[in-house]
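Participant: In the working numbering, the protein residues as written are 1 to 142.
Beta carbons: idealized from backbone N, C-alpha and C, even for Gly.
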Amino acid sequence: MPDYTQIFDGEQPITKHEFENWHRQTVLEMIIEKPNLSVGWAAKVLNYFLKTTVNIAGFGRPDLIKWIHPLVDNGLWEGIEDAYKDRRDILEKTHYRQKVKDIVTYNDYQTIIEGMEIIAQERGYLLIEVEEFWKERCNEKF
């Protein structure tokens, strides 16, 4: 299971580089333990946990909130596509894969996050705040 001490314990602010390395390692360890998970699903599960513990409950080292990732899923893809339909530079990254199960390498996942980072930077958001584009779907297919 993931080792959260690196991101939760201590008073020293966590850097983006440190968080990104931890996230990559943790996702890859998760799929080794549970080979039926794709990178996309492992990241989604991890990101959901981080969203609730860091963003909602306030746990973690200083600055951790700056680096956690949004939950990548169909609802978020749909909302970003609607809001950025004329931004090929963003959509080529955010929609690099369009199903969670099809995110099979960490580089696939990282490309999607890079597109979301562009959105966050342009809007002056934290990366997690890109979730504002999420749209509820009645019949989501996995």
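For the alpha helix (DSSP H) containing LYS93, list its first residue and its last residue.
Facilitator: In the sequence shown, counting from the first residue as 1, residue 93 sits at position 93. Residues 88-94.
Participant: Which class does VAL130 belong to by DSSP, given the choice of helix, strand or coil?
Facilitator: As a first step, residue 130 must be located in the sequence shown, where it is residue number 130. Helix at VAL130.
Participant: Does DSSP classify LEU37 as helix, strand or coil?
Facilitator: Indexing the sequence shown from 1 puts residue 37 at position 37. Three-state result, LEU37: coil.
Participant: Residue range of the alpha helix (DSSP H) that TRP77 falls in?
Facilitator: Indexing the sequence shown from 1 puts residue 77 at position 77. 74-83 is the extent of the alpha helix (DSSP H) around TRP77.
Participant: Just the Cα atoms here: how many angstroms apart are ALA42 and ASP86?
Facilitator: As a position in the sequence shown, residue 42 is number 42, starting the count at 1. As a position in the sequence shown, residue 86 is number 86, starting the count at 1. Cα to Cα, the separation comes out at about 30 Å.
Participant: Take GLU129 and list the residues in its own chain whose beta-carbon comes closer than 7 Å to its own, dropping the five residues that flank it on each side.
Facilitator: Taking the sequence shown and counting its residues from 1, the one referred to as residue 129 is at position 129. Around GLU129: ALA120.
Participant: Look at the alpha carbon of GLN110 and the alpha carbon of LYS93, and state the distance between them as a whole number of angstroms.
Facilitator: Position 110 of the sequence shown, counting from 1, holds the residue named residue 110. Position 93 of the sequence shown, counting from 1, holds the residue named residue 93. Using only the alpha carbons, I get a separation of about 9 Å.
Participant: Going by Cα to Cα distance, which pick from ILE90, TYR106, PHE8 and ALA57 is closest to LEU37?
Facilitator: As a position in the sequence shown, residue 37 is number 37, starting the count at 1. The option with the nearest alpha carbon to LEU37 is TYR106.
Participant: What residue range does the alpha helix (DSSP H) around ALA120 cover?
Facilitator: For the purposes of this step, residue 120 is taken as the residue at position 120 of the sequence shown. It spans 106-123 - the alpha helix (DSSP H) in which ALA120 sits, taken as one unbroken run.
Participant: Taking 9 Å as the threshold (beta carbon to beta carbon), is ASP82 in contact with chain D?
Facilitator: Among the chains of the structure shown, chain D does not appear; only one protein chain is present.
Participant: Determine the burial state of LYS44: buried for a count of at least 16 other Cβ atoms within 10 Å of its Cβ, exposed for fewer.
Facilitator: As a first step, residue 44 must be located in the sequence shown, where it is residue number 44. Under this definition LYS44 is a buried residue.
Participant: Quick test of the definition: if touching needs 3 or more C-beta pairs under 8 Å, does the stretch 9-17 touch the stretch 58-67?
Facilitator: yes
Participant: Considering only their Cβ atoms, is the gap separating ASP73 from TRP134 smaller than 9 Å?
Facilitator: The residue you call residue 134 lines up with position 134 of the sequence shown. The residue you call residue 73 lines up with position 73 of the sequence shown. Taking the C-beta atoms as reference points, ASP73 is found nearer than 9 Å to TRP134.
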